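For reference, the structure is listed below as structure tokens.
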Amino acid sequence: MAIDTAAASSLRCGNLLVLVGDSKYRVLDRCGEPDHRERISGDLERPVEEWVYHRGPQRFTRILTFEGSTLIRIELQR
């Protein structure tokens, strides 16, 4: 089974929008706690972390990548 992944510059959480460049605080405030968090690389000052939001079987999984406290990438995965 192939996995389709697409990049996005924004993400809708309910009626609110999250953008690349937003802080972790803003993402938590708008989207809530992720289903999974994982530190994938980086040093102590600039860790790189992925947050995963699963929104059900008929919706895209959202993978948000942070460098330090800044959102640097949004991926949608089917």
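According to my numbering, the stretch in the sequence shown is residues 236 to 313, in order. The beta-carbon is built from N, C-alpha and C at its ideal position, and this holds for glycine as well. No experiment lies behind these values; they were computed from the predicted model shown.
Asked, Found
"State the start and end residues of the unbroken beta strand (DSSP E) segment that holds Leu246.", "Ser245 to Cys248"
"Where do the ends of the alpha helix (DSSP H) carrying Leu263 lie?", "Lys259 to Cys266"
"Using only the alpha-carbon positions, how far apart do Glu273 and Tyr260 sit?", "17 Å"
"Among Ala243, Asp264, Phe301 and Thr305, which one has its Cα closest to the Cα of Asn250?", "Asp264"
"Three-state secondary structure (DSSP) at Phe295?", "coil"
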